[in-house]
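The opening residue of the sequence shown carries number 887 in this note's numbering; numbering runs sequentially from there. Glycine included, C-beta positions come from ideal geometry on N, C-alpha and C.
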Amino acid sequence: MMDPLSPLRRIALGALFVALGILIPVMFHAVGLGSVFLPMHIPILMCGFFCGPAVGFTVGFVTPLLSAVFTGMPPLMPPVAQGMMLELATYGLVTALLYQRTKLGVYPVLILAMGAGRLVYGLLGFSLLPLFGLQKIHPLFPLTYGLLRGIPGVVIQLLLIPTVVSLMERSPHVLFVKTRRTMS
């Protein structure tokens, strides 16, 4: 039997999360709810819990780019996809680092990772807005607008992700994920 922490298994699971990060948003964007329910964020955050920092960062970085190329969402211009690449890469990295290297629970890790990703996205947005002729925008706008619009998605993430992580960690049949249970 393969080592549950093998790089090949982490990469394969990461590829699954990339696919989910592209396919799930297609369903939400079909009915105009992509920016409200933040469907791409869920697979990336899950990847951070299960695949480790390198795969979490990589999956978070490439998923918005591949989704933009294959589906047109998020758009490359204005640079929404580029901002999401950095935001979601931060989600994957911070989730994995905090969960695997601290004693924090799932909820604090999730909240801190979401805050870090939103901060990166907000700082990037704040620095790019003047390039598009929007000098009079308040510095907090890029941070707060997306968060306020995405409150339903944040609630779903806070309900769904801890439940799935807990179930996966408790299951004796799941050997392909890297969580605290499989770390030594």
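Between the beta-carbon of Phe947 and the beta-carbon of Tyr985, is there less than 8 Å?
Taking 8 Å as the cut-off, the beta carbon of Phe947 is found no closer than this to the beta carbon of Tyr985.
What is the rounded straight-line gap between the Cα of Met1000 and the Cα of Leu983?
Roughly 13 Å separates the two Cα atoms.
Reference Val912, options His1024, Arg987, Leu1045 and Pro925, closest by Cα
For the residues His1024, Arg987, Leu1045 and Pro925, the minimum Cα distance to Val912 belongs to Pro925.
What's the gap between the Cα of Ile910 and the Cα of Gly920?
Roughly 9 Å separates the two Cα atoms.
Is Gly958 helix, strand or coil when you go by DSSP?
If DSSP states are grouped into helix, strand and coil, Gly958 belongs with coil.
Proximity to Leu1074 [Cα-Cα], best of Phe956, Pro929 and Leu1005:
Limits of the chain in this structure are 887 at one end and 1070 at the other, which puts residue 1074 out of reach.
Select from Leu1046, Arg1056 and Ser1057 the residue whose C-alpha is nearest the C-alpha of Phe923.
Per the Cα distances, Leu1046.
Would Leu996 be called buried (16 or more neighbouring beta carbons within 10 Å of its own) or exposed?
Buried is the call here.
Counting along the chain, where does the alpha helix (DSSP H) carrying Phe935 start and finish?
Where Phe935 is concerned, the enclosing alpha helix (DSSP H) stretches over His927 to Cys937.
Whole-number beta carbon distance between Pro950 and Met932, since they are thought to touch under 8 Å:
Not confirmed; about 16 Å, so no contact.
Could you say which of Glu1055, Val992, Phe1012 and Ile1037 lies nearest to Phe1027 if we only look at CA atoms?
Of Glu1055, Val992, Phe1012 and Ile1037, the smallest CA-CA separation from Phe1027 is found for Phe1012.
Span of the alpha helix (DSSP H) holding Phe903?
Per DSSP, Phe903 belongs to the alpha helix (DSSP H) from Pro893 to Ala916.
Tell me which same chain residues have a C-beta within less than 7 Å of the C-beta of Arg896, skipping the five on either side of it?
Spatial neighbours of Arg896 in its own chain (CB-CB distance under 7 Å, excluding positions within 5 residues in sequence) are listed in chain order as Cys937, Gly938, Val941 and Lys1064.
Could you give the first and the last residue of the continuous alpha helix (DSSP H) run that contains Met963?
Element bounds for Met963: n/a, residue is neither H nor E.
Reference Tyr1031, options Gly1008, Leu1044, Glu973 and Leu1053, closest by Cα:
Of the residues Gly1008, Leu1044, Glu973 and Leu1053, the one whose Cα lies closest to the Cα of Tyr1031 is Gly1008.
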